[in-house]
Amino acid sequence: MPTWLMLLIAAACGLIVANLYYVQPLVGPIRAAVGLPAGAAGLLVTLTQVGYCAGLLLVVPLGDLLENRRLVLVLVGVLVVALVAAPLVPALGHPAPAFLACSLLIGFAAVAVQVLVPYASHMAPEHVRGRVVGNVVSGLMFGIMLARPVASFITHAWSWQVVYGLSAALMVVLGIVLRVLLPTRRPHSTLGYVALLASMQGLLRDLPVLRRRAIYQAGMFGAFSVFWTVTPLLLASPAYGMNQRDIAWFALAGVAGTIAAPIGGRVADRGWTRPATAFCMILGLLSFVPTLGAAGGGKLGLGLLVAAAIALDFAVSGNLVLGQRAIYALGAEVRGRVNGLYMATFFLGGATGSALGAWSFAHGGWQAACAVGMSLIGAVLLVFLGEPRGITSRS
(Lines of atoms letter the chains of each structure in order from A and count residues from 1; the text may use other names and numbers.)
(Lines give C-alpha, C1' and ligand atoms only; values in the text may rest on other atoms or scores of the structure.)
Protein backbone atom coordinates (compact mmCIF):
# COMPACT_ATOMS: atom_id res chain seq x y z
CA MET A 1 0.00 0.00 0.00
CA PRO A 2 1.42 3.44 -0.90
CA THR A 3 2.14 5.69 2.07
CA TRP A 4 -0.11 8.43 0.68
CA LEU A 5 -3.08 6.04 0.60
CA MET A 6 -2.46 4.91 4.18
CA LEU A 7 -2.29 8.54 5.33
CA LEU A 8 -5.46 9.40 3.39
CA ILE A 9 -7.40 6.57 5.04
CA ALA A 10 -6.04 7.51 8.48
CA ALA A 11 -7.08 11.15 7.99
CA ALA A 12 -10.50 10.10 6.69
CA CYS A 13 -11.06 7.89 9.75
CA GLY A 14 -10.14 10.72 12.11
CA LEU A 15 -12.39 13.27 10.40
CA ILE A 16 -15.37 10.91 10.19
CA VAL A 17 -15.20 9.43 13.70
CA ALA A 18 -14.93 12.92 15.25
CA ASN A 19 -18.60 13.42 14.38
CA LEU A 20 -19.51 10.91 17.09
CA TYR A 21 -17.88 13.02 19.79
CA TYR A 22 -18.58 16.66 18.89
CA VAL A 23 -21.90 16.52 20.73
CA GLN A 24 -20.49 15.42 24.09
CA PRO A 25 -19.19 18.80 25.34
CA LEU A 26 -22.07 20.65 23.62
CA VAL A 27 -25.00 18.97 25.38
CA GLY A 28 -25.83 22.12 27.38
CA PRO A 29 -26.10 24.68 24.55
CA ILE A 30 -27.73 22.21 22.15
CA ARG A 31 -30.31 21.16 24.75
CA ALA A 32 -31.24 24.79 25.30
CA ALA A 33 -31.41 25.55 21.57
CA VAL A 34 -33.71 22.64 20.67
CA GLY A 35 -35.87 22.81 23.82
CA LEU A 36 -34.96 19.39 25.19
CA PRO A 37 -35.84 18.86 28.90
CA ALA A 38 -32.83 18.67 31.23
CA GLY A 39 -33.69 15.11 32.20
CA ALA A 40 -33.56 14.00 28.56
CA ALA A 41 -30.32 15.78 27.65
CA GLY A 42 -28.40 12.51 27.76
CA LEU A 43 -30.34 11.34 24.71
CA LEU A 44 -28.19 13.61 22.55
CA VAL A 45 -25.19 11.40 23.26
CA THR A 46 -27.05 8.12 23.73
CA LEU A 47 -28.85 8.19 20.38
CA THR A 48 -25.59 8.95 18.57
CA GLN A 49 -24.12 5.85 20.21
CA VAL A 50 -27.22 3.78 19.44
CA GLY A 51 -26.98 4.77 15.78
CA TYR A 52 -23.32 3.81 15.70
CA CYS A 53 -23.97 0.40 17.29
CA ALA A 54 -26.77 -0.25 14.79
CA GLY A 55 -24.45 0.66 11.93
CA LEU A 56 -21.72 -1.64 13.24
CA LEU A 57 -24.07 -4.62 13.14
CA LEU A 58 -26.16 -3.75 10.07
CA VAL A 59 -23.84 -1.78 7.75
CA VAL A 60 -20.22 -2.72 8.48
CA PRO A 61 -20.78 -6.39 7.48
CA LEU A 62 -21.67 -5.09 4.00
CA GLY A 63 -17.93 -4.54 3.55
CA ASP A 64 -17.81 -8.30 2.85
CA LEU A 65 -20.52 -8.00 0.19
CA LEU A 66 -20.51 -4.60 -1.55
CA GLU A 67 -17.84 -2.57 -3.34
CA ASN A 68 -16.10 -0.82 -0.45
CA ARG A 69 -15.47 2.63 -1.92
CA ARG A 70 -19.10 3.05 -2.96
CA LEU A 71 -20.28 1.96 0.49
CA VAL A 72 -18.01 4.52 2.18
CA LEU A 73 -19.16 7.31 -0.17
CA VAL A 74 -22.84 6.57 0.48
CA LEU A 75 -22.24 6.72 4.24
CA VAL A 76 -20.31 10.00 3.93
CA GLY A 77 -23.20 11.40 1.89
CA VAL A 78 -25.70 10.45 4.60
CA LEU A 79 -23.39 12.05 7.16
CA VAL A 80 -23.34 15.32 5.19
CA VAL A 81 -27.15 15.43 5.09
CA ALA A 82 -27.41 14.88 8.86
CA LEU A 83 -24.70 17.44 9.66
CA VAL A 84 -26.33 20.09 7.46
CA ALA A 85 -29.77 19.43 8.94
CA ALA A 86 -28.70 19.41 12.61
CA PRO A 87 -27.92 23.15 13.04
CA LEU A 88 -31.06 24.11 11.08
CA VAL A 89 -33.59 22.27 13.28
CA PRO A 90 -33.88 24.98 16.01
CA ALA A 91 -35.90 26.97 13.46
CA LEU A 92 -38.54 24.21 13.33
CA GLY A 93 -41.69 24.16 15.42
CA HIS A 94 -40.66 21.01 17.31
CA PRO A 95 -36.87 20.89 17.00
CA ALA A 96 -36.02 18.35 19.71
CA PRO A 97 -37.27 15.20 17.89
CA ALA A 98 -35.68 16.38 14.63
CA PHE A 99 -32.30 16.96 16.27
CA LEU A 100 -32.44 13.57 18.00
CA ALA A 101 -33.15 11.98 14.60
CA CYS A 102 -30.09 13.79 13.19
CA SER A 103 -28.00 12.48 16.10
CA LEU A 104 -29.13 8.93 15.38
CA LEU A 105 -28.29 9.33 11.69
CA ILE A 106 -24.86 10.84 12.42
CA GLY A 107 -23.96 7.83 14.55
CA PHE A 108 -25.29 5.41 11.94
CA ALA A 109 -23.33 6.98 9.07
CA ALA A 110 -20.11 7.39 11.07
CA VAL A 111 -19.54 3.62 10.81
CA ALA A 112 -17.86 4.46 7.50
CA VAL A 113 -14.64 4.39 9.54
CA GLN A 114 -15.20 0.72 10.32
CA VAL A 115 -15.49 -0.02 6.62
CA LEU A 116 -12.24 1.86 5.97
CA VAL A 117 -10.13 0.09 8.63
CA PRO A 118 -10.61 -3.46 7.25
CA TYR A 119 -10.36 -1.97 3.74
CA ALA A 120 -6.86 -0.76 4.64
CA SER A 121 -6.07 -4.23 5.96
CA HIS A 122 -7.13 -5.76 2.64
CA MET A 123 -4.90 -3.36 0.72
CA ALA A 124 -1.80 -4.07 2.85
CA PRO A 125 0.63 -6.98 2.36
CA GLU A 126 0.55 -9.57 5.15
CA HIS A 127 4.00 -8.76 6.56
CA VAL A 128 3.12 -5.08 7.20
CA ARG A 129 -0.60 -5.41 7.88
CA GLY A 130 -0.23 -4.62 11.58
CA ARG A 131 1.78 -1.48 10.85
CA VAL A 132 -0.79 -0.24 8.32
CA VAL A 133 -3.75 -0.96 10.59
CA GLY A 134 -1.90 0.70 13.48
CA ASN A 135 -1.30 3.88 11.50
CA VAL A 136 -4.93 4.01 10.35
CA VAL A 137 -6.21 3.43 13.89
CA SER A 138 -3.84 6.15 15.09
CA GLY A 139 -5.69 8.57 12.81
CA LEU A 140 -9.00 7.32 14.17
CA MET A 141 -7.84 7.82 17.78
CA PHE A 142 -6.61 11.33 16.97
CA GLY A 143 -10.12 12.11 15.75
CA ILE A 144 -11.68 10.77 18.94
CA MET A 145 -9.32 12.65 21.25
CA LEU A 146 -9.40 15.96 19.34
CA ALA A 147 -13.15 16.11 18.67
CA ARG A 148 -14.24 17.20 22.14
CA PRO A 149 -11.70 19.98 22.73
CA VAL A 150 -12.09 21.27 19.15
CA ALA A 151 -15.88 21.38 19.55
CA SER A 152 -15.47 23.25 22.85
CA PHE A 153 -13.05 25.80 21.40
CA ILE A 154 -15.21 26.49 18.32
CA THR A 155 -18.37 26.82 20.39
CA HIS A 156 -16.60 29.17 22.82
CA ALA A 157 -15.47 31.36 19.90
CA TRP A 158 -18.64 31.18 17.74
CA SER A 159 -21.49 28.70 18.29
CA TRP A 160 -22.29 25.00 18.27
CA GLN A 161 -23.92 25.40 14.84
CA VAL A 162 -20.50 26.33 13.40
CA VAL A 163 -19.11 22.98 14.61
CA TYR A 164 -21.68 21.08 12.56
CA GLY A 165 -21.40 23.40 9.57
CA LEU A 166 -17.62 23.10 9.39
CA SER A 167 -17.79 19.33 9.74
CA ALA A 168 -20.37 19.11 6.94
CA ALA A 169 -18.04 21.11 4.68
CA LEU A 170 -15.12 18.85 5.59
CA MET A 171 -17.21 15.76 4.79
CA VAL A 172 -18.09 17.16 1.34
CA VAL A 173 -14.41 17.77 0.56
CA LEU A 174 -13.47 14.36 1.98
CA GLY A 175 -16.11 12.62 -0.12
CA ILE A 176 -14.75 14.23 -3.29
CA VAL A 177 -11.17 13.28 -2.40
CA LEU A 178 -12.13 9.67 -1.62
CA ARG A 179 -14.14 9.43 -4.85
CA VAL A 180 -11.09 10.48 -6.86
CA LEU A 181 -8.25 8.75 -4.99
CA LEU A 182 -9.59 5.68 -3.17
CA PRO A 183 -9.11 2.47 -5.19
CA THR A 184 -12.12 0.24 -5.62
CA ARG A 185 -12.36 -3.08 -3.78
CA ARG A 186 -15.08 -5.54 -4.72
CA PRO A 187 -15.52 -8.58 -2.41
CA HIS A 188 -16.23 -11.99 -3.91
CA SER A 189 -18.91 -13.13 -1.46
CA THR A 190 -21.96 -14.95 -2.85
CA LEU A 191 -24.02 -14.48 0.32
CA GLY A 192 -27.15 -12.36 0.37
CA TYR A 193 -27.60 -9.63 2.98
CA VAL A 194 -29.82 -11.68 5.32
CA ALA A 195 -27.48 -14.68 5.12
CA LEU A 196 -24.53 -12.35 5.72
CA LEU A 197 -26.07 -11.07 8.95
CA ALA A 198 -27.13 -14.56 10.03
CA SER A 199 -23.56 -15.81 9.60
CA MET A 200 -22.31 -13.42 12.28
CA GLN A 201 -23.68 -15.58 15.09
CA GLY A 202 -21.70 -18.53 13.79
CA LEU A 203 -18.53 -16.45 13.52
CA LEU A 204 -18.86 -15.36 17.14
CA ARG A 205 -19.45 -18.96 18.20
CA ASP A 206 -16.68 -20.55 16.15
CA LEU A 207 -13.85 -18.02 16.48
CA PRO A 208 -12.34 -17.92 20.00
CA VAL A 209 -9.83 -15.28 18.87
CA LEU A 210 -12.70 -12.94 18.02
CA ARG A 211 -14.55 -13.58 21.29
CA ARG A 212 -11.52 -13.07 23.49
CA ARG A 213 -10.11 -10.02 21.72
CA ALA A 214 -13.57 -8.39 21.81
CA ILE A 215 -13.89 -9.06 25.56
CA TYR A 216 -10.38 -7.73 26.24
CA GLN A 217 -11.02 -4.50 24.39
CA ALA A 218 -14.49 -4.08 25.91
CA GLY A 219 -12.92 -4.10 29.38
CA MET A 220 -10.12 -1.76 28.36
CA PHE A 221 -12.44 0.69 26.62
CA GLY A 222 -14.84 0.47 29.54
CA ALA A 223 -12.07 1.71 31.86
CA PHE A 224 -11.13 4.38 29.29
CA SER A 225 -14.75 5.59 29.29
CA VAL A 226 -14.86 5.63 33.09
CA PHE A 227 -11.80 7.90 33.14
CA TRP A 228 -12.96 10.30 30.43
CA THR A 229 -16.52 10.48 31.77
CA VAL A 230 -15.51 11.21 35.35
CA THR A 231 -12.34 13.31 34.96
CA PRO A 232 -14.18 16.36 33.53
CA LEU A 233 -16.55 16.17 36.52
CA LEU A 234 -13.59 16.14 38.91
CA LEU A 235 -11.87 19.03 37.11
CA ALA A 236 -15.07 21.10 37.22
CA SER A 237 -15.50 20.45 40.96
CA PRO A 238 -14.32 22.92 43.63
CA ALA A 239 -11.09 20.90 44.02
CA TYR A 240 -9.88 22.16 40.60
CA GLY A 241 -12.45 24.78 39.60
CA MET A 242 -11.80 24.48 35.86
CA ASN A 243 -14.11 25.94 33.24
CA GLN A 244 -15.08 24.27 29.96
CA ARG A 245 -12.14 25.72 28.05
CA ASP A 246 -9.62 24.58 30.70
CA ILE A 247 -11.07 21.07 30.59
CA ALA A 248 -10.77 21.09 26.79
CA TRP A 249 -7.05 21.85 27.12
CA PHE A 250 -6.71 18.93 29.54
CA ALA A 251 -8.40 16.62 27.03
CA LEU A 252 -5.60 17.32 24.57
CA ALA A 253 -3.21 15.45 26.90
CA GLY A 254 -4.74 12.17 25.81
CA VAL A 255 -3.63 12.72 22.21
CA ALA A 256 -0.08 11.77 23.20
CA GLY A 257 -1.25 8.24 23.98
CA THR A 258 -2.36 7.60 20.40
CA ILE A 259 1.25 6.91 19.38
CA ALA A 260 0.65 3.42 20.76
CA ALA A 261 -1.45 2.41 17.74
CA PRO A 262 1.37 2.26 15.16
CA ILE A 263 3.71 0.77 17.77
CA GLY A 264 1.16 -1.94 18.54
CA GLY A 265 0.82 -2.74 14.85
CA ARG A 266 4.56 -3.20 14.41
CA VAL A 267 4.76 -5.38 17.53
CA ALA A 268 1.94 -7.58 16.22
CA ASP A 269 3.70 -7.97 12.87
CA ARG A 270 6.69 -9.39 14.78
CA GLY A 271 4.51 -12.01 16.48
CA TRP A 272 4.67 -10.47 19.97
CA THR A 273 0.91 -10.10 20.43
CA ARG A 274 0.64 -12.01 23.72
CA PRO A 275 3.34 -10.15 25.72
CA ALA A 276 2.20 -6.84 24.23
CA THR A 277 -1.38 -7.55 25.32
CA ALA A 278 -0.21 -8.25 28.86
CA PHE A 279 1.82 -5.02 28.85
CA CYS A 280 -1.16 -2.93 27.69
CA MET A 281 -3.47 -4.39 30.32
CA ILE A 282 -1.00 -3.94 33.17
CA LEU A 283 -0.18 -0.39 32.05
CA GLY A 284 -3.89 0.45 31.90
CA LEU A 285 -4.45 -0.99 35.37
CA LEU A 286 -1.49 0.85 36.89
CA SER A 287 -2.44 4.15 35.25
CA PHE A 288 -5.29 4.54 37.76
CA VAL A 289 -3.15 3.96 40.86
CA PRO A 290 -1.38 7.36 41.14
CA THR A 291 -4.65 9.22 40.54
CA LEU A 292 -6.20 7.84 43.74
CA GLY A 293 -4.60 10.83 45.46
CA ALA A 294 -5.71 13.37 42.85
CA ALA A 295 -9.15 14.10 44.29
CA GLY A 296 -7.81 16.92 46.48
CA GLY A 297 -6.74 19.09 43.56
CA GLY A 298 -3.53 21.09 43.20
CA LYS A 299 -0.73 21.01 40.64
CA LEU A 300 0.45 17.56 41.74
CA GLY A 301 -3.03 16.13 41.35
CA LEU A 302 -3.38 17.68 37.90
CA GLY A 303 0.01 16.31 36.87
CA LEU A 304 -1.02 12.83 38.00
CA LEU A 305 -4.22 13.06 35.97
CA VAL A 306 -2.31 14.14 32.85
CA ALA A 307 0.15 11.25 33.24
CA ALA A 308 -2.72 8.81 33.76
CA ALA A 309 -4.54 10.11 30.67
CA ILE A 310 -1.48 9.54 28.49
CA ALA A 311 -0.73 6.09 29.93
CA LEU A 312 -4.33 4.88 29.74
CA ASP A 313 -4.80 6.13 26.18
CA PHE A 314 -1.51 4.45 25.20
CA ALA A 315 -2.69 1.15 26.70
CA VAL A 316 -6.15 1.24 25.12
CA SER A 317 -4.91 2.31 21.67
CA GLY A 318 -2.22 -0.36 21.67
CA ASN A 319 -4.59 -3.13 22.72
CA LEU A 320 -7.14 -2.05 20.09
CA VAL A 321 -4.64 -2.51 17.27
CA LEU A 322 -3.33 -5.80 18.66
CA GLY A 323 -6.90 -7.08 18.63
CA GLN A 324 -7.67 -5.86 15.13
CA ARG A 325 -4.47 -7.37 13.77
CA ALA A 326 -5.46 -10.71 15.29
CA ILE A 327 -9.05 -10.76 14.03
CA TYR A 328 -8.12 -9.61 10.53
CA ALA A 329 -5.88 -12.67 10.28
CA LEU A 330 -8.98 -14.88 10.57
CA GLY A 331 -9.72 -14.52 6.86
CA ALA A 332 -10.08 -11.83 4.21
CA GLU A 333 -13.61 -12.94 3.36
CA VAL A 334 -14.98 -12.27 6.88
CA ARG A 335 -13.13 -9.09 7.88
CA GLY A 336 -16.13 -6.79 7.64
CA ARG A 337 -18.27 -9.04 9.83
CA VAL A 338 -15.63 -9.80 12.47
CA ASN A 339 -14.75 -6.11 12.62
CA GLY A 340 -18.41 -5.20 13.15
CA LEU A 341 -18.74 -7.74 15.96
CA TYR A 342 -15.44 -6.70 17.55
CA MET A 343 -16.25 -3.00 17.47
CA ALA A 344 -19.85 -3.45 18.65
CA THR A 345 -18.66 -5.43 21.69
CA PHE A 346 -15.92 -2.92 22.43
CA PHE A 347 -18.36 -0.01 22.05
CA LEU A 348 -20.83 -1.72 24.41
CA GLY A 349 -18.01 -1.94 26.95
CA GLY A 350 -17.43 1.80 26.58
CA ALA A 351 -21.10 2.62 27.09
CA THR A 352 -21.17 0.42 30.19
CA GLY A 353 -18.04 2.10 31.53
CA SER A 354 -19.53 5.57 31.04
CA ALA A 355 -22.68 4.62 32.96
CA LEU A 356 -20.78 2.90 35.79
CA GLY A 357 -18.28 5.75 36.02
CA ALA A 358 -20.92 8.46 36.37
CA TRP A 359 -22.88 6.41 38.92
CA SER A 360 -19.83 5.52 41.02
CA PHE A 361 -18.57 9.11 41.03
CA ALA A 362 -21.97 10.40 42.14
CA HIS A 363 -22.22 7.89 44.99
CA GLY A 364 -18.61 7.30 46.05
CA GLY A 365 -16.48 10.05 44.57
CA TRP A 366 -13.27 9.86 42.57
CA GLN A 367 -11.79 6.85 44.38
CA ALA A 368 -14.91 4.78 43.71
CA ALA A 369 -14.76 5.63 40.00
CA CYS A 370 -11.08 4.64 39.89
CA ALA A 371 -11.95 1.34 41.56
CA VAL A 372 -14.53 0.66 38.84
CA GLY A 373 -12.00 1.39 36.09
CA MET A 374 -9.36 -0.81 37.70
CA SER A 375 -11.91 -3.61 38.20
CA LEU A 376 -12.85 -3.62 34.51
CA ILE A 377 -9.23 -4.00 33.42
CA GLY A 378 -8.48 -6.44 36.23
CA ALA A 379 -11.35 -8.68 35.13
CA VAL A 380 -10.17 -8.94 31.51
CA LEU A 381 -6.57 -9.39 32.69
CA LEU A 382 -7.68 -12.47 34.65
CA VAL A 383 -9.49 -13.79 31.57
CA PHE A 384 -6.36 -13.18 29.51
CA LEU A 385 -4.12 -15.00 32.01
CA GLY A 386 -6.39 -18.04 31.74
CA GLU A 387 -6.23 -18.07 27.95
CA PRO A 388 -4.83 -21.18 26.25
CA ARG A 389 -1.56 -20.35 24.53
CA GLY A 390 -1.83 -19.70 20.82
CA ILE A 391 -5.21 -17.96 20.78
CA THR A 392 -4.17 -14.33 21.23
CA SER A 393 -0.92 -14.76 19.39
CA ARG A 394 -2.53 -16.19 16.28
CA SER A 395 -2.08 -13.14 14.10
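Take 848 as the starting number for the sequence shown in our numbering and just add one per residue.
Glycine included, every Cβ here is placed at the ideal spot set by N, Cα and C.
#1: Starting from Asp1160, follow the alpha helix (DSSP H) in both directions and report where the run begins and ends.
#2: When DSSP labels each residue in this structure, what does Trp1005 get in the three-state scheme?
#3: Might you give, ordered along the chain, the residues of its own chain that have their beta carbon closer than 8 Å to the beta carbon of Gly1022, omitting 5 neighbours on each side?
#4: Compute the distance between the beta-carbons of Leu904 and Met1018, then report whether it is under 9 Å.
#5: Is the distance from the Cβ of Asn1166 to the Cβ of Pro965 below 9 Å?
#6: If you reduce the DSSP assignment to three classes, tell me which class His969 lands in.
#7: Measure the C-alpha to C-alpha separation of Val983 and Ala967 and round it to an integer number of angstroms.
#8: Check whether the region 1052-1071 and the region 947-961 are in contact - that is, three or more C-beta pairs closer than 8 Å.
#9: Let me know if Asn866 comes out buried or exposed under the rule of 16 or more other beta-carbons within 10 Å of its beta-carbon.
#10: What whole-angstrom Cβ distance do Leu912 and Leu1038 have, given they're in contact under 8 Å?
#11: Going along the chain, which residues of its own chain have a beta-carbon closer than 7 Å to the beta-carbon of Leu1132, five neighbours each way excluded?
#12: Applying the criterion that 16 or more other CB atoms from any shown protein chain within 10 Å of the CB defines a buried residue, is Ala1061 buried or exposed?
#13: Any chance the region 880-889 sits against the region 927-946, with 3 or more Cβ pairs inside 8 Å?
#14: Does the region 1135-1149 come close enough to the region 1099-1118 to have 3 or more Cβ pairs within less than 8 Å?
#15: Using the C-alpha atoms, what's the distance from Pro1079 back to Leu831?
#16: To the nearest angstrom, how far is it from the Cα of Leu862 to the Cα of Tyr869?
#17: Can you look up Trp1096 in the DSSP assignment and give me helix, strand or coil?
The structure says:
#1: Unbroken alpha helix (DSSP H) run through Asp1160: 1145-1175.
#2: Coil.
#3: Once the five neighbours on either side are set aside, the close Cβ partners of Gly1022 are Leu920, Val923, Gly924, Val927.
#4: With contacts defined as CB atoms closer than 9 Å, Leu904 and Met1018 fail to qualify as a contacting pair.
#5: No, the Cβ-Cβ distance between Asn1166 and Pro965 is not below 9 Å.
#6: In the structure shown, His969 sits in a helix (DSSP, three-state: H, G or I).
#7: Distance between the alpha carbons of Val983 and Ala967: 8 Å.
#8: When C-beta atoms of the region 1052-1071 are compared with those of the region 947-961, fewer than three pairs fall below 8 Å, so the two segments do not count as touching.
#9: Answer is buried; the Cβ neighbour count reaches 16.
#10: Distance from Leu912 to Leu1038 at the Cβ level is roughly 7 Å; contact confirmed, criterion being Cβ atoms closer than 8 Å.
#11: Apart from the 5 residues on each side of it in sequence, Leu1132 sits with its Cβ closer than 7 Å to the Cβ of Met1221, Ile1224, Gly1225, Leu1228 in its chain, given in chain order.
#12: By the 10 Å Cβ count, Ala1061 comes out buried.
#13: Yes, the region 880-889 touches the region 927-946.
#14: Between the region 1135-1149 and the region 1099-1118 there are fewer than three inter-stretch CB-CB distances shorter than 8 Å, so the stretches are not counted as touching.
#15: Outside the modelled stretch of the chain, which goes from 848 to 1242, sits residue 831, for which no answer is possible.
#16: One Cα belongs to Leu862, the other to Tyr869, and the distance between them is close to 11 Å.
#17: Helix.
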